[in-house]
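Asks:
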Amino acid sequence: MELQRKVAEAIHVLNHDPLSSNRVAANQWLVHFQQTPEAWDVSTSLLTSPIVSLFDLQFFAAQILRRKIQNEASNLQSNAKDALLNALLVAAKRYSSGVPQLLTQICLALSALLLHADPYSKPFDKLMFALQSLQAHDDGNVVLLELLTVLPEEISDSRHVSHQSDLRQELLSHTSMVLDFLLQQSEKQFASPLYPQHANRKILRCLLSWVRAGCFSEIPQGAVPSHPLLNYVFNALQGTTFDLAIEVLVELVTRHEDLPRVLLYKVQLLRDTLLKPALINADPQVVSGLACLMSEIGQAAPCLIVEASPEALVLTDALLRSTFATYILSLGGNRQNDRNHVKDIFLPVFSALVDALVLRAQVDEFTSGDESPGLDLPDGLLHFRNNLLELLVDICQLIHPTTFVSKLFFGGLPSSDVSMPLREIEAKLFALNAVSEIILQEGEAFDFSLIAQLVSAFSIRPSSELKGFLCVVYRSLADVVGSFSRWISVSPSNARPLLLFLAGGISEPICTHACASALRKICEDAPAVIQETSNLDILMWIGECLEQWNLALEDEEEVISAITMILGSVANTELQNKLLTQLLSSSYGVLSTLVDDDVESSVRQNPATYTRMLSSVTRGLYRIGTVLSHLATSLSSVPVADGPILSLLTVFWPILEKLFRSEHMESGSLAAAACRALSVAVQSSGEHFMLLLPSVLECLSRNFLSFQSQECYIRTGCVIAEEFCHKEEYGSLFITTFERFTQASSLMGINSSYICDQEPDLVEAYVNFASALIRGCHKELLGNSGTLLEISFQKAAISCTAMHRGAALAALSYLSDFLEVSLSSMIESVNCKSEGSFSVVSVQVVSHCGEGLLSNLVYALLGVAAMSRVHKCSTILQQLAAICSLCERTSWKEILCWKSLQGWLNSAVWALPSEYLKQGEAEKIVREWSEALGGAGIDYLENKSCNFASNNSLGGGHMQGKHGRALKRLVRDFADSHRNDPNLNII
1 MELQRKVAEA IHVLNHDPLS SNRVAANQWL VHFQQTPEAW DVSTSLLTSP
51 IVSLFDLQFF AAQILRRKIQ NEASNLQSNA KDALLNALLV AAKRYSSGVP
101 QLLTQICLAL SALLLHADPY SKPFDKLMFA LQSLQAHDDG NVVLLELLTV
151 LPEEISDSRH VSHQSDLRQE LLSHTSMVLD FLLQQSEKQF ASPLYPQHAN
201 RKILRCLLSW VRAGCFSEIP QGAVPSHPLL NYVFNALQGT TFDLAIEVLV
251 ELVTRHEDLP RVLLYKVQLL RDTLLKPALI NADPQVVSGL ACLMSEIGQA
301 APCLIVEASP EALVLTDALL RSTFATYILS LGGNRQNDRN HVKDIFLPVF
351 SALVDALVLR AQVDEFTSGD ESPGLDLPDG LLHFRNNLLE LLVDICQLIH
401 PTTFVSKLFF GGLPSSDVSM PLREIEAKLF ALNAVSEIIL QEGEAFDFSL
451 IAQLVSAFSI RPSSELKGFL CVVYRSLADV VGSFSRWISV SPSNARPLLL
501 FLAGGISEPI CTHACASALR KICEDAPAVI QETSNLDILM WIGECLEQWN
551 LALEDEEEVI SAITMILGSV ANTELQNKLL TQLLSSSYGV LSTLVDDDVE
601 SSVRQNPATY TRMLSSVTRG LYRIGTVLSH LATSLSSVPV ADGPILSLLT
651 VFWPILEKLF RSEHMESGSL AAAACRALSV AVQSSGEHFM LLLPSVLECL
701 SRNFLSFQSQ ECYIRTGCVI AEEFCHKEEY GSLFITTFER FTQASSLMGI
751 NSSYICDQEP DLVEAYVNFA SALIRGCHKE LLGNSGTLLE ISFQKAAISC
801 TAMHRGAALA ALSYLSDFLE VSLSSMIESV NCKSEGSFSV VSVQVVSHCG
851 EGLLSNLVYA LLGVAAMSRV HKCSTILQQL AAICSLCERT SWKEILCWKS
901 LQGWLNSAVW ALPSEYLKQG EAEKIVREWS EALGGAGIDY LENKSCNFAS
951 NNSLGGGHMQ GKHGRALKRL VRDFADSHRN DPNLNII
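Take the sequence shown: its position 763, counting from 1, is numbered 763 in UniProt numbering, and each next residue is one higher.
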C-alpha cells in the first residue's frame, strides 16, 4: 500500500504540480519504478482495486502493464500470464462504460499479452472463450468491440514481424465468428432507434480493422458484394459515421476485384442522394469523401471506365483526378482504335474541363485589382495549382498539344477595343507553362505571335506601372518565355523586345527569378541572334545595373551566366576583352576600394557604410567567379594564353591577394566569396597559376589559423590540391599546408562525434583535403609524414560516427582512400621495406589506429542513418582484412597480422552497450564477420593482383568476389536490424 501511495503522489505531481523541477523529478521516479519487478503487482492492483477511482492513476497503471507486457512478457511464467489475463478482463469489464482511452489501453495490454503467449497453447481460442462470457453482461459487447478493433492492428505492428504471418492466419481463422458478431451488433441499430451513433462508429472501426487484416479473403470472393455488412456500410454513409464508412469502402475496393463493378452501378445513387446536396450545402467532408471513393473505384479498375458506359460518364469528374487518363494513354498500338474511340467520346468532357480548370485557377477580382507592392498568389490557389499540374499534363496528352493550345488561345488575343481580363491571361499562361514539356516533346511549334504581342506590350510599359497583380502576370509570361525559349528566340525580330521585357522584370522582386532564368535560356538557345550590337548593348546595361538591383545571389548568377555565355562566343577578341572588362569594372572597382589603405580606416569608422561595402565586394567576387567559370567552359578549346581568362586574372589576382592579406577576411560571407573566386580562378587558368602556389597556399593556411570557423580556406586548398599536388616540385608545399591545417586548435579538438557534429563543414573540408593529398602526392613525401597521417586517420575514424551525413561519409571516403593507396603501395613494395617508405608508414598507422577504427565503424552502423554508410563501411572492412592478410605473408606480421583484426572486432562488438544486442548476438557477429572478413580480404588481394598484372593499379578491389558480397550482406543486415534506438521506456 505504501508503494501505491507513492505512485499516486508521483502521478499527481507529474500532471498537476506547477513547478517543472518537481514534474521532472516525478517523471524520473516513475520511469525507474516501471522498470522494477514490483510494478507488475502495483499496476495490477491499481487497475482492479474497487477503491481506486482516479482516471490519471488508472490510465498510468494500464500503460505500465501494456509496456511491461510488450517488453518483459517472455519472462513471465504460464500461471502468471493466466492471472494477468483474468485481471485485465476484470478491469476491461469494469471500465467498459468509462473513459474510452482507458479501455483502449487495457485492450492494448490484452492484445500484447496474447501476442506473447505460447502459439501452441491456442491463445486466440482461449481469449475468444473468455470473451464469450462477457457478452452476457450489458457492457460486454463494448469490451469485445474494442479488443477486436485493436487486436488486428497490433498484429500488423512491425514489432511482431518475426511471427506476424502465423499470428495473422490464426486471427483470420476466427473471421466467421467476428463477422457474425459485427452483423448482430449492426442489426441492433435497426431494432432500436435509440441505439447510439457512437456504437455505430465502434462497429465500423472494428470492421475497418478486420478488413485491413484481410478478413474477407476468408470467404468466397463472389459472396463479398452481397454480404449483409456491405449494406450496413452503405447505410452508414451519413452523419457522424460517414467518414468511417468511406474508409471501409475504400479499403474493400482496393482489396477485392469484384467490388468496383458493383460500386460503379451505385455511383448515380450516391451522386443524386449525397453529392448534389453536399455541393449545394458546401459540405467539404462529404464531397471530398465521395471523390476519394470514386477515384479509388477508377484507379482499381480503369478498364471499366474506358468502356465509356453511362455509369463511367457519371464518374468522369472525380475520375479525371485519378489515374485513368494515364491508363488510356498507355493503351498499346493494337488497341489504338479503342483509344481513339474513347478519346472521341470524352473530348467534350476534356474540353469543358480545361475551361473549368483555367477558370478555377484564376485569382479573384479583388486580387486582380490589387496594386499592393509585393503581391503574390494566395497560398490556397498555389496549392490548388500544384495539384493541377499532373492533371493538365494528362489532358494535354489525351487531346493532343495542338488542340490544347488552341483551346487556351482560340481566336488569338482580343482586339484593342475588347480586353481580356488580366486574371484570365495569367491563368492561361500558367496552364501553357504547365504543359510546356509535352508540347516541346511533340515538336510542333505553335503560333507564338500571341506571346510576342504580350511581350511587346509589357516591354514598352514604364517600370512605374509594374506593381500589384500586373507583376504576377509579368512573372507568368516570363515563365512561358523561358519554357519555350528555343522556339520564341528563332525569329531575330523577337530578340530586342524579349531582352527589354526581361530586363524590365529582373529588377522587380516577384519577377526576378523567372526573368533571370528566362534570360539564361534565351542566351543559351540563340547566341547568334543576341550577339547583334543593339542586343549586346541591352545585355551590358543589365550587367551594369546589377550593383543597384541587389538581387539574390542565385538570380544574379543566372544573369551573369547569360551575359558571359554571349560574350564568350563573341568572335572579335578586342571587343570581347572590352566587354568583359566593362562587365567586371564595377566589381574590380569596389574590391580595389575596400583594400585601398587610405580608404580602409575611414570606411571602418562607419559601420553601416562598411557593411554595405562588404556586401558589394561579396557580390563582386561572386560575379568574377561566375564569369571565369563560364569562360572556362565556353572557351575550353581555346588555349588559356590566347583567351581572355589570363588577362582577367592578371588584373584580378593582385587585388585578391591584397584582400586575402587584409583584416577584412574575418567576415565569413566575404571569405566564402573570395575563396570561391580563387577556386574558380585556379580551375580556369590551369598551369598558369602554378607560380602563384606558394603565395596562395600561405594565404589560405594563415587565414584559416586566424579564422578557424571558416572552413572555406580548406575547401579552396582541396581544389588546389586536386589540380596540382601531383606535381613533385610542389608536393612538400602541400604537406606543409596540410600540417598547418591539422595543427589548428579547432581540428586538434575533434575527439568525439559530438564535437564533429558541432563543426561538420570543417570536418568535411579537412578530410576531403586529406583525401586529395593521399590520392595525388608522391608516396615518398607521404612516407615522411607518418605522424601527420596518423592524426588525420584518427580524426576521420572519430568523424565517421557523426550524425551529420556529409561529414560522416566524407570521413569514410578518406579512410577508404588511405587504405586503398596503402594496399597498392604495400603490394608494390612487399619485398622492399625501408623505414621511410609509405608502406611501412601505412602498416604503422593501421596497427596504431585499427582498434579505434573498427570500434567506430561498428558504432557508425547503428541508428537511423546507418544504411547510407553500409557500402563504405563494408569497403573499409574488406580493405582492412586485405591489409592484415597481406601482412601475414611478410615480416610486417610482427606489427600487424590477422589476429590483430580479430581482436579489434571482438573488442568492438563486446564494447557495445547491452541494450543494442540480443542475447547471444555478440558471439554470432564475431563468428560470422570473422569468417566473411577472411574470405573478403583474399578476394580483395586477388582482384588487386589482377589489376596490377594488367597495369591498372587504380582498379578498386572493394566488394569483389563472393566473400566480399557476403560481408556486405552481413553489414547491411546488422545496420538494418539496429536502425531503431533502444526502447528507453520513457513515459
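Cβ coordinates follow ideal geometry from the N, Cα and C atoms, glycine included.
(1) Taking DSSP as the reference, what is the three-state secondary structure of Val161?
(2) Count the other C-beta atoms from every protein chain shown that fall within 10 angstroms of the C-beta of Pro913, then say buried if there are 16 or more, exposed otherwise.
(3) Which stretch, first to last residue, makes up the alpha helix (DSSP H) that contains Pro220?
(4) Who are the near neighbours of Glu170 in its chain, counting only those whose CB is closer than 6 angstroms to its CB and skipping five residues on each side?
(5) Are Leu290 and Leu270 closer than 8 angstroms when you measure CB to CB?
(6) Once you ignore the five residues that flank Phe242 on each side, which residues in its own chain have a CB closer than 8 angstroms to its CB?
(7) In three-state DSSP terms, what is Gln710?
(8) Is Ile219 buried or exposed, if buried means 16 or more other CB atoms sit within 10 Å of its CB?
(9) Determine whether the beta carbon atoms of Ala528 and Val559 lie at a separation below 8 angstroms.
(10) From the DSSP output, in three-state form, read off Leu954 for me.
(11) Can you tell me where the alpha helix (DSSP H) holding Thr240 begins and where it ends?
(12) Please state whether DSSP places Arg360 in a helix, a strand or coil.
(13) May I have the straight-line CA-CA distance separating residue 1035 from Ser695, to the nearest angstrom?
(14) The alpha helix (DSSP H) spanning Arg423 covers which residue range?
(15) For the structure I just gave you, are there three or more beta carbon pairs, one from the region 847 to 867 and one from the region 893 to 912, closer than 8 angstroms?
(16) Compute the Euclidean distance between the alpha carbons of Leu30 and Ser96, then round it to the nearest angstrom.
(17) Give the straight-line distance between the Cα atoms of Val161 and Gln70, rounded to the nearest whole angstrom.
(18) For Met613 and Val590, which I take to be in contact (beta-carbon distance under 8 angstroms), what is that distance rounded to the nearest angstrom?
(19) Where Ser476 and Leu519 are concerned, what is the direct C-alpha to C-alpha distance, given to the nearest angstrom?
(20) Quick check on Val864: does DSSP put it in helix, strand or coil?
(21) What whole-angstrom Cβ distance do Gln58 and Leu47 have, given they're in contact under 8 angstroms?
(22) Is DSSP giving Arg5 helix, strand or coil here?
(23) If we ignore side chains and look at the alpha-carbon of each, how far apart do Ile755 and Arg869 end up?
(24) On the three-state DSSP scale, how would you describe Gly98?
(25) So, at 7 angstroms on beta carbons, what are the nonlocal neighbours of Ser685 in its own chain, with the 5 sequence-adjacent residues on each side left out?
(26) Please return the same chain residues whose Cβ sits closer than 7 angstroms to the Cβ of His778, not counting the five positions on each side in sequence.
(27) Between Ser485 and Glu465, what straight-line distance do the alpha-carbon atoms span, to the nearest angstrom?
(28) Quick one: using the 10 Å Cβ neighbour count with 16 as the cut-off for buried, is His198 buried or exposed?
(29) Buried or exposed: where does Val864 fall if 16 or more other Cβ atoms within 10 Å of its Cβ makes it buried?
(30) Which value, in whole angstroms, describes the spacing of the CA atoms of Phe458 and Leu584?
(31) When the distance is taken between beta carbons, is Val971 closer than 8 angstroms to Cys873?
(32) Are the region 384 to 400 and the region 480 to 499 touching, with three or more C-beta to C-beta distances below 8 angstroms?
(33) Quick check on Gly920: buried or exposed, where buried means 16 or more other Cβ atoms within 10 Å of its Cβ?
(34) What separation, rounded to the nearest whole angstrom, lies between the Cα atoms of Ala908 and Asn856?
(35) Enumerated in chain order, which unbroken segments of the beta strand (DSSP E) with a length of 3 residues or greater are wholly contained in the region 714 to 791?
Replies: In short, the structure shows the following:
(1) Residue mapping note: residue 161 aligns to position 161 of the sequence shown, counting from 1. Residue confidence is low: Val161 scores 47 on pLDDT, short of 50, so the model does not pin down where it sits. Its coordinate-derived value is still stated next. Secondary structure of Val161 (DSSP, three-state): helix.
(2) The residue you call residue 913 lines up with position 913 of the sequence shown. Here Pro913 is exposed: its Cβ has fewer than 16 other Cβ atoms, across all protein chains shown, within 10 Å.
(3) For this step, residue 220 is matched to residue 220 along the sequence shown. Careful: Pro220 lies outside any alpha helix (DSSP H) and carries neither H nor E.
(4) Counting from 1 along the sequence shown, the entry for residue 170 is found at position 170. Closer than 6 angstroms at the Cβ level, and outside the excluded window around Glu170, lie Phe124.
(5) Position 290 of the sequence shown, counting from 1, holds the residue named residue 290. Position 270 of the sequence shown, counting from 1, holds the residue named residue 270. Between Leu290 and Leu270, the CB-CB gap stays under 8 angstroms.
(6) One-based indexing of the sequence shown puts residue 242 at position 242. The answer, listed in chain order, is Ala236, Gln285, Val286, Gly289.
(7) Numbered from 1 along the sequence shown, position 710 holds the residue referred to as residue 710. Coil.
(8) By one-based count along the sequence shown, residue 219 stands at place 219. Ile219 should be labelled exposed.
(9) As a first step, residue 528 is located in the sequence shown; it is residue number 528 there, counting from the start. As a first step, residue 559 is located in the sequence shown; it is residue number 559 there, counting from the start. In this structure, Val559 does not lie closer than 8 angstroms to Ala528 by Cβ.
(10) By one-based count along the sequence shown, residue 954 stands at place 954. A caution first: Leu954 carries a pLDDT of 45, below 50, which makes its placement in the model unreliable, though a value can still be read off. The answer is coil: DSSP assigns Leu954 none of H, G, I, E or B.
(11) For the purposes of this step, residue 240 is taken as the residue at position 240 of the sequence shown. Element bounds for Thr240: n/a, residue is neither H nor E.
(12) Along the sequence shown, one-based indexing puts residue 360 at 360. Here Arg360 sits in helix by DSSP.
(13) Nothing can be reported for residue 1035: it is not among the residues displayed for the chain, which extend from 1 to 987.
(14) For the purposes of this step, residue 423 is taken as residue 423 along the sequence shown, with counting starting at 1. Note, Arg423: alpha helix (DSSP H), 422 to 434.
(15) Put simply, the region 847 to 867 touches the region 893 to 912. At least three CB pairs are less than 8 angstroms apart.
(16) What you label residue 30 is simply residue 30 of the sequence shown in a count that begins at 1. What you label residue 96 is simply residue 96 of the sequence shown in a count that begins at 1. Taking the straight line joining both Cα atoms gives about 27 angstroms.
(17) In the sequence shown, residue 161 corresponds to position 161, counting from 1. In the sequence shown, residue 70 corresponds to position 70, counting from 1. Confidence at Val161 is low in this model, with a pLDDT of 47, below 50, so its placement is unreliable and the value that follows should be read with caution. Those two C-alpha atoms are separated by around 14 angstroms.
(18) Along the sequence shown, one-based indexing puts residue 613 at 613. Along the sequence shown, one-based indexing puts residue 590 at 590. In this structure Met613 is in contact with Val590, their Cβ atoms being roughly 7 angstroms apart against a cut-off of 8 angstroms.
(19) Here the question's residue 476 lines up with position 476 in the sequence shown. Here the question's residue 519 lines up with position 519 in the sequence shown. The straight-line gap separating the alpha-carbon atoms of Ser476 and Leu519 is approximately 14 angstroms.
(20) Position 864 of the sequence shown, counted from the start, is the residue given in the question as residue 864. Note: Val864 maps to coil in three-state DSSP.
(21) Position 58 of the sequence shown, counted from the first residue, corresponds to residue 58. Position 47 of the sequence shown, counted from the first residue, corresponds to residue 47. Cβ-Cβ separation between Gln58 and Leu47: approximately 6 angstroms, consistent with a contact (criterion under 8 angstroms).
(22) Taking the sequence shown and counting its residues from 1, one reaches residue 5 at position 5. Arg5 falls in the helix class under three-state DSSP.
(23) In the sequence shown, counting from the first residue as 1, residue 755 sits at position 755. In the sequence shown, counting from the first residue as 1, residue 869 sits at position 869. Roughly 20 angstroms separates the two Cα atoms.
(24) As a position in the sequence shown, residue 98 is number 98, starting the count at 1. In the three-state scheme derived from DSSP, where H, G and I count as helix and E and B as strand, Gly98 is classed as coil.
(25) Residue 685 sits at position 685 when you count from the first residue of the sequence shown. Cβ neighbours of Ser685 within its own chain (closer than 7 angstroms, five residues either side excluded): Val640, Ile645, Leu646, Leu649.
(26) Position 778 of the sequence shown, counted from the start, is the residue given in the question as residue 778. Counting only Cβ-Cβ distances below 7 angstroms, and skipping sequence neighbours, we find Glu728, Gly731.
(27) Taking the sequence shown and counting its residues from 1, one reaches residue 485 at position 485. Taking the sequence shown and counting its residues from 1, one reaches residue 465 at position 465. Taking the straight line joining both Cα atoms gives about 26 angstroms.
(28) Your numbering for residue 198 matches position 198 in the sequence shown. Counting the other Cβ atoms within 10 Å of the Cβ of His198 gives fewer than 16, which makes it exposed.
(29) The residue you call residue 864 lines up with position 864 of the sequence shown. The residue in question, Val864, is exposed, as its Cβ has fewer than 16 Cβ neighbours within 10 Å.
(30) The residue given as residue 458 occupies position 458 in the sequence shown. The residue given as residue 584 occupies position 584 in the sequence shown. Cα to Cα, Phe458 sits roughly 29 angstroms from Leu584.
(31) Counting from one through the sequence shown, the residue named residue 873 turns up at place 873. Counting from one through the sequence shown, the residue named residue 971 turns up at place 971. It is a contact, given that the beta carbons lie within the stated cut-off.
(32) Taking 8 angstroms as the limit for Cβ pairs, the verdict is that the region 480 to 499 does not touch the region 384 to 400.
(33) Mapped onto the sequence shown, residue 920 falls at position 920. Around the beta carbon of Gly920, a 10 Å sphere encloses fewer than 16 other beta carbons of the protein chains shown; the residue is thus reported as exposed.
(34) Residue numbering aside, residue 908 sits at position 908 when the sequence shown is read from its first letter. Residue numbering aside, residue 856 sits at position 856 when the sequence shown is read from its first letter. Their backbone Cα atoms lie some 8 angstroms apart in a straight line.
(35) List check, beta strand (DSSP E) in window: nothing returned.
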